[in-house]
Amino acid sequence: MRWLRRQVESIGRVSFVKGTVKRLSFAENGNILGATLSDGSNLHADLTILSAGAWTPALLDLRGIVQATGQAMAYIELSDEEAAELSTTPTQLNMSTGMTKHAGCFCIAPPHPSRKIPFPGNDRRLFWKMARHGHGYLNMTTIPHPEDASKPDITISVPCTNPNDPMATQKIPQEATDICRAYLESVVAPDSPLVRRPFVYTRICHYADTASGDWLIDYHPKYNKTLFVATGDSGHGFKFLPVIGDHIVECILGRCPEEFKTKWCWRDPVPYESWPGDGSRGGRRGMILDEELAAGA
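Letter by letter, the sequence shown follows residues 2 to 298 of this note's numbering.
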């Protein structure tokens, strides 16, 4: 991401503004004027592109269209010798156990000893990441209606993060800890010391889920082509970083690839309970993060 930022800055055509968007700015004629930041300043544009990942439903009423879900992630620390021994281990995703136990868990390939990472701060160490790609946790929160203050408040799932310290560790539910442990045991020998090694870092990673698992890359039908929305990663966002931007630009220009027009277009709301998903998720659906944290307290 740092490399990509440098490439964008090098062209001299993009200005980066650091701030938190409080709300979109709405004109009386129904157009979007830009965005208002938390410090009260305003950004104005003829076309606003909203690509806020799992935070998108906090800026638009996307109930039944996009839902923020949280996935548990955990890291164990490796010695140089352990990392060398595991260096040929591939990234693994367990899709073989149906809807039970550790279905949908994955391990990211361990780093080579020569590639220590600063995590957190400047302390360069070696970590092995595992996580669950399941239906996730909901963090239900009541907020003012994001598009019309005169309408009743809405209750939606929003990310549970610390934006002031995104690298701060977060507690994960005990059921997630147990599942990650069980998955780790299936990846390495059951008697390996790694199986019971304490997690040095845990957090909740948030997806912007859609009913089918397809992206939402389209103009909002309500705002006269002054608002374009690009979201709905459904947990597949980062791996598409090298290519998805080109497709978003093509869609903005009205040149959406024919094979994706019906997949990425604006869609009608569907009750979350009946979302079919993309078939890659495991575990329980509809878990509430606070409830699961309390259950393991």
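Just so you know, even glycine gets a beta-carbon here, dropped at the ideal spot from N, CA and C. As the structure is a computational prediction, the values presented were derived from the model and not from experiment.
Tell me whether the beta-carbon of Asp234 lies closer than 8 Å to the beta-carbon of Gly54. Contact annotation: Asp234 and Gly54 have beta-carbon atoms nearer than 8 Å.
Closer than 8 Å by C-beta to Lys152: which residues in its own chain qualify, once you throw out the five before and the five after it? Chain order, please. Cβ neighbours of Lys152 within its own chain (closer than 8 Å, five residues either side excluded): His146.
Neighbourhood of Met100 by C-beta, 8 Å cutoff - its chain only, sequence neighbours within 5 removed: Residue confidence is low: Met100 scores 40 on pLDDT, short of 50, so the model does not pin down where it sits. Its coordinate-derived value is still stated next. Taken in chain order, the residues that qualify are Gly283, Gly284.
Gly297 and Pro174 look like a contact to me (Cβ under 8 Å); what is the Cβ gap, rounded to whole Å? Here Gly297 really is in contact with Pro174; their C-beta atoms are around 5 Å apart, less than 8 Å.
So for Phe107, helix, strand or coil by DSSP? In the three-state DSSP reduction, Phe107 falls in the strand class (E or B).
Determine which residues share a DSSP beta bridge with Asn95 and list them. Beta-bridge pairing links Asn95 to no other residue.
Considering Gln72, what are the terminal residues of the beta strand (DSSP E) in which it resides? Element bounds for Gln72: 67–78.
Going by DSSP, name the residue or residues bridged to Met288. Answer is Tyr138, bridged to Met288.
Alpha carbon to alpha carbon, how far is Thr203 from Thr170? Give it in angstroms, no decimals. For Thr170 and Thr203, the distance between alpha carbons rounds to 5 Å.
Per-residue DSSP class, three states only, for Tyr273: Helix at Tyr273.
With a cut-off of 8 Å on the beta carbons, I'd call Ile33 and Leu44 a contact; round off their distance for me. In fact, because the Cβ distance is near 11 Å, the residues do not count as touching under 8 Å.
To the nearest angstrom, how far is the alpha carbon of Asn30 from that of Asn225? Those two C-alpha atoms are separated by around 10 Å.
Locate the alpha helix (DSSP H) running through His248, then write down its first and last residues. Note, His248: alpha helix (DSSP H), 242–253.
Rounded separation between Pro258 and Ala46 - CA only: Cα to Cα, Pro258 sits roughly 26 Å from Ala46.
I need the boundaries of the alpha helix (DSSP H) containing Leu5, first residue and last residue. Leu5: member of the alpha helix (DSSP H) spanning 3–11, first to last residue.
Tell me where the beta strand (DSSP E) around Cys206 begins and ends. Element bounds for Cys206: 202–211.
Do Ala73 and Cys181 come within 8 Å of each other at the CB atom, strictly closer than that value? Yes, these two residues count as a Cβ contact at 8 Å.
Are there three or more Cβ pairs, one per stretch, closer than 8 Å when the segment 131–143 is compared with the segment 176–190? Yes: the two stretches touch, three or more of their Cβ pairs being nearer than 8 Å.
So if DSSP puts Gly35 in a beta bridge, which residue, or which two residues, is it bridged to? Among the bridge pairs identified by DSSP, Gly35 is matched with Ser26, His45.
Helix, strand or coil for Val159, going by three-state DSSP, please let me know. In this structure, Val159 counts as coil in the three-state DSSP scheme.
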